[in-house]
Amino acid sequence: MNTAKTFLLVGLGNPGDKYAGTLHNIGFDTINKIVITHSNNPIWRKKNNTFYTMFKLQNYNIIALKPTTYMNESGKALPQFTSYYKIQLKNLIVFHDDIDLKIGKVRVKIGGSSSGHNGINSINSILGALYTKVKIGVDRPTNNIAVADYVLSRANSEKQNLLSAILTSITENLLYLLQHKHDLFMSRISENINPYINIKARTVDNNTTSNKP
475 MNTAKTFLLV GLGNPGDKYA GTLHNIGFDT INKIVITHSN NPIWRKKNNT FYTMFKLQNY
535 NIIALKPTTY MNESGKALPQ FTSYYKIQLK NLIVFHDDID LKIGKVRVKI GGSSSGHNGI
595 NSINSILGAL YTKVKIGVDR PTNNIAVADY VLSRANSEKQ NLLSAILTSI TENLLYLLQH
655 KHDLFMSRIS ENINPYINIK ARTVDNNTTS NKP
């Protein structure tokens, strides 16, 4: 297996039906979307606190993985894969929620702190920080809702539609990530998502206008 062409894609989340579909599980949802789209008849295997599957995308070897530990122990599951498959850190790509980004925003970053994200903090403590993070915006909570309660909640239908569009765009533009063309990846996602945001803005404007006396 060509290690330069081998990627470990990791989605962060909490296991179990209780957490399915929550904002904190957007990493799991991203991996599921990628696998459904790019893999024919995927076979998920369970190994040492992970669910994982493998497939090829053009000339890239992909290992898609979801840790089955809880979020704050996400890093424990990864060294067995990075070591055995000789994954270069730049080819480790981790998808996760980010409350400091608005819904509709995606940022790619290599290195840096965890910004308070327990899953990222766990990975950083075990593997260091020089891997690729794909931060998917979920907004900050409002109305004095605690962050922990907010990220373990589910988005309303309007926000869920936008998040679904984000996951589709990430999946469609995945090759740019594999080619380390991060700016182009983010640019293409913005191009795909801006129409949804503009429609929302026009709807708000129209509603505001119609409600004027």
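In this text, residue positions in the sequence shown follow this note's numbering: the first is 475, and each later residue adds one.
Glycine is no exception: its CB is placed at the ideal position from the N, C-alpha and C atoms.
If we call anything under 8 Å between Cβ atoms a contact, is T556 one with K540?
If you number the sequence shown from 1, residue 556 lands on position 82. If you number the sequence shown from 1, residue 540 lands on position 66. A distance of 8 Å or more separates the beta carbons of T556 and K540.
Do I671 and S643 count as a contact pair if the criterion is CB distance below 8 Å?
For this step, residue 643 is matched to residue 169 along the sequence shown. For this step, residue 671 is matched to residue 197 along the sequence shown. No.
Looking at the unbroken alpha helix (DSSP H) that takes in P553, where does it start and where does it end?
Residue 553 sits at position 79 when you count from the first residue of the sequence shown. P553 -> alpha helix (DSSP H) spans P553 to Y558.
Range of the contiguous beta strand (DSSP E) that encloses D503:
Here residue 503 refers to the residue found at position 29 of the sequence shown. According to the DSSP assignment, D503 belongs to no beta strand (DSSP E) but to the alpha helix (DSSP H) extending over I500 to H512.
Buried or exposed for H512, going by 16 or more other Cβ atoms inside 10 Å?
Here the question's residue 512 lines up with position 38 in the sequence shown. Buried.
By how many angstroms is the C-alpha of G611 removed from the C-alpha of N617?
Within the sequence shown, the letter at position 143 stands for residue 617. Within the sequence shown, the letter at position 137 stands for residue 611. Straight-line Cα distance between these residues: approximately 19 Å.
Name the one or two DSSP bridge partners that R519 has.
Start at 1 with the first residue of the sequence shown, and residue 519 comes out as number 45. Beta-bridge partners assigned by DSSP to R519: Y526.
Taking 8 Å as the cut-off, decide whether the C-beta atoms of N546 and S627 are in contact.
Position 72 of the sequence shown, counting from 1, holds the residue named residue 546. Position 153 of the sequence shown, counting from 1, holds the residue named residue 627. Taking the C-beta atoms as reference points, S627 is found no nearer than 8 Å to N546.
Does the count of Cβ pairs from the segment 526-545 and the segment 482-499 closer than 8 Å reach three?
Using a Cβ-Cβ distance cut-off of 8 Å, the segment 526-545 and the segment 482-499 are in contact, since at least three pairs of beta carbons, one from each stretch, lie closer than that value.
Give the straight-line distance between the Cα atoms of I510 and V608, rounded to the nearest whole angstrom.
Indexing the sequence shown from 1 puts residue 510 at position 36. Indexing the sequence shown from 1 puts residue 608 at position 134. The alpha-carbon separation between I510 and V608 amounts to approximately 19 Å.
Taking the continuous beta strand (DSSP E) assigned at K607, which residues delimit it?
For this step, residue 607 is matched to residue 133 along the sequence shown. K607: member of the beta strand (DSSP E) spanning T606 to G611, first to last residue.
Kindly indicate which residue of I536, N598 and L658 has the alpha-carbon position closest to the one of L482.
Position 8 of the sequence shown, counted from the start, is the residue given in the question as residue 482. Here the closest residue by C-alpha is I536.
Quick one: residues in its chain with C-beta nearer than 8 Å to the C-beta of I600, no 5 flanking neighbours on either side, listed in chain order?
As a working note, residue 600 is residue 126 in the sequence shown. These residues qualify, in order along the chain: G549, K550, L552 and P553.
Supposed contact pair K507 and T645 - C-beta distance, whole angstroms, cut 8 Å:
Residue 645 sits at position 171 when you count from the first residue of the sequence shown. Residue 507 sits at position 33 when you count from the first residue of the sequence shown. At roughly 5 Å, the Cβ-Cβ gap stays under 8 Å, so T645 and K507 are in contact.
Report all residues from its chain with a CB closer than 6 Å to the CB of L724; omit the five preceding and five following residues, and keep chain order.
With the chain represented from 475 up to 687, any question about residue 724 goes unanswered, as that position is not in the structure.
Measuring CA to CA, which of A538, V621 and Q532 is closest to F502?
Walking along the sequence shown from the start, residue 502 turns up at place 28. Taking only the C-alpha atoms, the option nearest F502 is A538.
Find out if the Cβ-Cβ distance for the pair V580, M660 is shorter than 8 Å.
By 1-based counting over the sequence shown, the position of residue 580 is 106. By 1-based counting over the sequence shown, the position of residue 660 is 186. In this structure, M660 lies closer than 8 Å to V580 by Cβ.
Nearest-angstrom Cβ-Cβ length linking A629 and L497, presumed shorter than 8 Å
As a working mapping, residue 629 is identified with position 155 in the sequence shown. As a working mapping, residue 497 is identified with position 23 in the sequence shown. Correct: roughly 6 Å between the Cβ atoms.
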